[in-house]
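Enquirer: Each step along the first sequence adds one to the number in this note's numbering, with nothing skipped, and position 470 is 484.
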Amino acid sequence: MLERIRDSWKTIIAKLIASYAQEVLGSANDLPEVVVEVPPKPEMGDLAFPLFAFAKPFRMGPPQLAVLLKERIENAEHRPFGEVFATGPYLNIRIDTSALATELSAKVRSEGSGFGTNDSLSSQRIVVEFSCPNTNKPLHLGHMRNDSLGMSMSAILAANGASVRRVNLINNRGVHICKSMLAYQKFGKGETPESSGIKGDHLVGQYYVRFAQWAKEDPTAEEQAQTMLKAWEAGDPEVLDLWQRMNDWTMDGLYESYEAMGIDFDAYYWESETYKYGKDEILKGLDRGVFYTEEDNSVWVDLTESNLDKKVLLRSDGTSLYITQDVGTAIMRHKDWPFDSHIYVVGSEQQYHFKVLFKILELLGYEWAEHLYHLSYGMVNLPEGKMKSREGTVVDADELLASLTALAEEEIRSKGREEQVGDLKATSRAIALGALNYYLLQVTATKDMIFNPAESISFNGNTGPYLQYMGARMSSMLAKFHAEFQEVEALPFDSSLLTLADERQLIKVLAGYPEAVVRAAEQHDPSLITAYLYELSKLFSRYYHDNPVLQAPTPTLVRARIELVRMVNQVLQNAFALVGIPYLTSM
RNA sequence: GCCCCAAUAGCUCAGUAGGAUAGAGCAACUGCCUUCUAAGCAGUAGGUCAGAGGUUCGAGACCUCUUUGGGGUACCA
């Protein structure tokens, strides 16, 4: 919407510049491109066209050119509505926000929760892989950033029309899994989640920690774990049985955590099943000369031309490696559900791994290989430094969510709003989730971030609950309006009454929402949505504080303002859905 | 050693294709609850955008070098 207005102004200005060039230079070739910007302050207009670049060809100062163009625009026959003024070297435009508001209102009403979506990716099938936990410990803060990104990215792609398949690959096999099993065998005394009352993933996690302690005392511990892995691979029934039981415990715990955090998947893949895939593909590639063998029979790929070095794909004993499995898994997934592109949400420390993986798939000749994308995110560190499981500084996901929920509940109680809120537990949980998702998605994904526990539990300022609070305020305004202002509701919406600077600004920001959704998908960056939400909320917050809505001087103004509230409220809800912030009607 | 990424207010972060006076939140200080929820609003203070060159009419943004920090470079995952 905003884009269309921008383009029409850009077109007419470009046309006038070209015709002026024709007049004075005899040619309109080789002119610099017309650039559109947003002026730094609202009173300077809504669009800005800097004219510096035209100074040279016209041998004229930009301010004079601005004046000249302003006159020509005003005399032009077909021009968009709006006011033109020359501000120094800029040509600024004040657009007709009243017309925009009318159009916007109709669109938001008819599209509702679909406002802001588009069909730019409607022919696309996209796999988004994320989470991918090990089954030897509970989820921690690192997983939470991953999960927030995965869920949000999936929602954003779907909002752009893509058909999205969320996929989780459970890392339930390997020597690290055997460690917790071994420790359990030695020290477990038949303990179960039921007998101990400990959530399954936490119980297994305790034995993983126990192994580390034991390994310090007994140098054969590591070796025993390796032996157990071999027994597992050989199908030893006793080992398999224990593995199955402990895996189930962990998975029960993880499912519970996922549910509490609003995370879910369309498909689960299990490494215990996929670890064998890939070897055949590598051997096929070897036959075709894509890979080569060393003297010890290990299989390699030479990527030195791509500056990626040489990489082992099969061990000398013929067994698979991590990269081998990923090759197989990608191919298998494409058979399961032929995707157009595949996004891997994985930490930035694996950037090299994914470059190699994508290159290998390309060398194997899969045409979809060029549409694989590593959504790389930075590490979550603590103010003191890195999280270290050995030093017990890892932030546990369940505990964090529980403590945030408790804080939210306390907050509601201290305000005496238990009654209005309705379901206290559900509301507290929703506030905790909103705070968490917003905190984690606010930072540009690729960057490392610092998780400050003290700050994360604050519900003031630039936080999820701040945004939720705006929603709750609008919600109660709208409820009151419906209940007490029926006659006003019947009045037509007169957008020309919305003339305040903040009203004009709100209309522009609302109209910019669809573009934010597009950009978030293009750039694979949910933080564009969180930034958008904050801008909208902050603006609205000031607006309703300074200007009465239901107590506005005239009924027609009440009607106009409530229409604005309705639009802001709808866009807020729509954007919430993209970044995992629950919408609350009361808090 | 080689490769990749980062550096913006005391702290945590924004900063759109290079454009007008570099913005928020937190922390500090000041006002505002007989008026739609104060999880709020308004204000004060806080900056040599790590440093040095370069490109440009114009650089926090682009290029080069330097410094500092992080990550990778396993027949681990």
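Positions of the beta carbon are idealized from the N, C-alpha and C atoms, including for glycine.
Inspect the CB distances between the region 116 to 128 and the region 500 to 517 and report whether three or more fall short of 8 Å.
Expert: Taking 8 Å as the limit for Cβ pairs, the verdict is that the region 500 to 517 does touch the region 116 to 128.
Enquirer: Between 431, 304 and 502, which has its C-alpha nearest residue 375's C-alpha?
Expert: The residue you call residue 375 lines up with position 361 of the first sequence. When only C-alpha atoms are compared, the closest one is 304.
Enquirer: Does DSSP put residue 471 in a helix, in a strand, or in coil?
Expert: Taking the first sequence and counting its residues from 1, one reaches residue 471 at position 457. In the structure shown, residue 471 sits in coil (DSSP, three-state: anything other than H, G, I, E or B).
Enquirer: At the level of alpha carbons, what is the spacing between residue 345 and residue 575?
Expert: Numbered from 1 along the first sequence, position 331 holds the residue referred to as residue 345. Numbered from 1 along the first sequence, position 561 holds the residue referred to as residue 575. Between residue 345 and residue 575, the C-alpha separation is close to 54 Å.
Enquirer: My output table needs one value for residue 113: the three-state DSSP class, helix, strand or coil.
Expert: Mapped onto the first sequence, residue 113 falls at position 99. Helix at residue 113.
Enquirer: Give a yes or no on contact between the region 292 to 306 and the region 370 to 388, applying the rule of three or more CB pairs nearer than 8 Å.
Expert: Contact between the region 292 to 306 and the region 370 to 388 is present: 3 or more CB-CB pairs across the two stretches fall below 8 Å.
Enquirer: Give the C-beta separation of residue 419 and residue 442 to the nearest angstrom, bearing in mind that I take them to be a contact with Cβ-Cβ under 8 Å.
Expert: Along the first sequence, one-based indexing puts residue 419 at 405. Along the first sequence, one-based indexing puts residue 442 at 428. The pair is a contact, with the Cβ atoms about 5 Å apart (cut-off 8 Å).
Enquirer: Report the residue from 369, 597 and 220 whose alpha carbon sits nearest the alpha carbon of residue 320.
Expert: Taking the first sequence and counting its residues from 1, one reaches residue 320 at position 306. Nearest C-alpha to residue 320: 369.
Enquirer: Kindly indicate which three-state DSSP category residue 187 falls into: helix, strand or coil?
Expert: The sequence position of residue 187 within the first sequence is 173, counting from 1. Coil at residue 187, not helix or strand.
Enquirer: Looking only at its chain, what residues have a beta carbon closer than 7 Å to the beta carbon of residue 236, apart from the 5 residues adjacent to it on each side?
Expert: Here the question's residue 236 lines up with position 222 in the first sequence. Excluding sequence positions up to five before and after residue 236, its CB lies within less than 7 Å of the CB of 229, all in the same chain and listed in chain order.
Enquirer: Between residue 178 and residue 349, what straight-line distance do the alpha-carbon atoms span, to the nearest angstrom?
Expert: Within the first sequence, numbered from 1, the residue matching residue 178 stands at position 164. Within the first sequence, numbered from 1, the residue matching residue 349 stands at position 335. Roughly 16 Å between the two C-alpha positions.
Enquirer: Taking 7 Å as the limit between beta carbons, can you name the residues of its chain near residue 541, skipping five residues before and five after?
Expert: Here residue 541 refers to the residue found at position 527 of the first sequence. Excluding sequence neighbours, residue 541 sits near 455, 456, 457, 458 and 459.
Enquirer: Rounded to whole angstroms, what's the CA-CA distance from residue 98 to residue 59? Just pull it up for me.
Expert: In the first sequence, the residue the question calls residue 98 occupies position 84. In the first sequence, the residue the question calls residue 59 occupies position 45. Their Cα atoms are separated by approximately 9 Å.
Enquirer: If we count the other Cβ atoms within 10 Å of its Cβ and call it buried at 16 or more, is residue 423 buried or exposed?
Expert: The residue labelled residue 423 in the question sits at position 409 within the first sequence. Classification of residue 423: buried, given that the 10 Å Cβ count is 16 or more.
Enquirer: Measure the Cβ-Cβ separation of residue 532 and residue 160 and say whether it is below 9 Å.
Expert: Counting from 1 along the first sequence, the entry for residue 532 is found at position 518. Counting from 1 along the first sequence, the entry for residue 160 is found at position 146. No, the pair does not count as a contact, with Cβ atoms beyond the cut-off.
Enquirer: Using a Cβ-Cβ cut-off of 8 Å (strictly less than) and excluding sequence neighbours within five positions of residue 53, which residues of its own chain qualify?
Expert: The residue you call residue 53 lines up with position 39 of the first sequence. Same-chain partners within the cutoff: 59, 60, 61, 62, 101, 104 and 106.
Enquirer: By the three-class DSSP mapping on this structure, what secondary structure does residue 205 have?
Expert: As a working note, residue 205 is residue 191 in the first sequence. Three-state result, residue 205: coil.
Enquirer: Secondary structure at residue 97, three-state DSSP: helix, strand or coil?
Expert: If you number the first sequence from 1, residue 97 lands on position 83. In the structure shown, residue 97 sits in a strand (DSSP, three-state: E or B).
Enquirer: Would you mind listing the alpha helix (DSSP H) stretches within the region 303 to 379 that are 4+ residues and don't spill past its ends, in chain order?
Expert: 336 to 350 and 365 to 377
Enquirer: Distance check for residue 373 and residue 169, CA to CA, integer angstroms please.
Expert: Residue 169 sits at position 155 when you count from the first residue of the first sequence. Residue 373 sits at position 359 when you count from the first residue of the first sequence. Those two C-alpha atoms are separated by around 28 Å.
Enquirer: Enumerate in chain order the residues of its own chain whose CB-to-CB distance from residue 528 is below 6 Å, with the five nearest sequence positions on each side excluded.
Expert: Here residue 528 is taken as the residue at index 514 of the first sequence, counted from 1. Cβ neighbours of residue 528 beyond the five flanking positions: 130.
Enquirer: My assumption, with CB atoms under 8 Å, is that residue 216 sits in contact with residue 147. Please give the rounded CB distance.
Expert: For the purposes of this step, residue 216 is identified with residue 202 of the first sequence, where counting begins at 1. For the purposes of this step, residue 147 is identified with residue 133 of the first sequence, where counting begins at 1. Between residue 147 and residue 216 the Cβ distance is about 13 Å, and since that is not below 8 Å, they are no contact.
Enquirer: Could you name the residues of the same chain whose beta carbon sits closer than 7 Å to that of residue 284, not counting the 5 residues immediately before and after it, in chain order?
Expert: Your numbering for residue 284 matches position 270 in the first sequence. Cβ neighbours of residue 284 beyond the five flanking positions: 184 and 186.
Enquirer: Is residue 69 near residue 82, with beta carbons less than 9 Å apart?
Expert: Taking the first residue of the first sequence as 1, we reach residue 69 at position 55. Taking the first residue of the first sequence as 1, we reach residue 82 at position 68. No, the pair does not count as a contact, with Cβ atoms beyond the cut-off.
Enquirer: Looking at the unbroken alpha helix (DSSP H) that takes in residue 33, where does it start and where does it end?
Expert: Here residue 33 refers to the residue found at position 19 of the first sequence. 16 to 39 is the extent of the alpha helix (DSSP H) around residue 33.
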